[in-house]
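Numbering (the UniProt record's numbering), first residue to last: 1 to 215.
A quick write-up on the structure given underneath.
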């Protein structure tokens, strides 16, 4: 009888030890900050799509995650914004010596160009350091603006802007075929002859009016 009682006591002692082992494993999981239920919730929340079955069981509705919804909204907004832009870009702060030929060569890497126009002084023909470039495709113009805006070129920080569709620049492109010529230096002898002829014409007018004038 005594041996049987000792055997029962040992079995009772072994049971709480096993319970303590199970409790230790659960406490380890709690220390790590995860439990089975919480881990399942995290997986469900982080899933890209959540499937919701209707009561009939015939249809499955898929609901996008919030991050995907935000990305799609941003993409739609950018597409709408780009649709309102034209294929013409405005460039300012151009460095000295960067004219139509240089602009055509440099910006042809973004796409096919339709026309290039540099603003010039009407009298001297010198560059006014800004111009316009029209691309064949609108998307090429958008890429060129995003790439070249605030780009440092020969010590000048370029400013590039996409023009909207309603913006017109016919005035600038109106005289694109006109050749600019530098003013020639006037000859002194020609200037003196012109001044002398003007003075003689004035004297004739004064004599006809009855006024005697000597220079």
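Backbone N, C-alpha and C fix where the C-beta goes; we use that ideal spot for every residue, glycine too.
CB of residue i within 7 Å of CB of residue j, strictly
i           : j           : result
residue 87  : residue 144 : no
residue 120 : residue 131 : no
Which listed residue (the options) has its alpha carbon closest to that of residue i
i           : options               : result
residue 89  : 110, 97 and 213       : 110
residue 137 : 122, 187, 190 and 162 : 162
residue 85  : 126, 206, 164 and 134 : 164
residue 94  : 152, 124, 112 and 125 : 152
residue 148 : 209, 92 and 212       : 92
residue 114 : 124, 122, 123 and 100 : 100
residue 107 : 96, 203, 97 and 135   : 135
residue 185 : 198, 124, 98 and 97   : 124
residue 126 : 203, 150 and 98       : 98
residue 96  : 203, 129, 146 and 188 : 129
Per-residue burial, residue i [other beta carbons within 10 Å of its own, 16 or more giving buried]
i           : result
residue 154 : exposed
residue 206 : exposed
residue 213 : exposed
residue 191 : exposed
residue 200 : exposed
Beta-carbon separation (whole angstroms), residue i vs residue j, contact threshold 8 Å
i           : j           : result
residue 157 : residue 133 : Going by Cβ atoms, the distance from residue 157 to residue 133 rounds to 18 Å, so no, they are not a contact pair.
**Q.** Start-end ranges of the alpha helix (DSSP H) lying completely within the region 106-166, minimum 4 residues
**A.** 138-148
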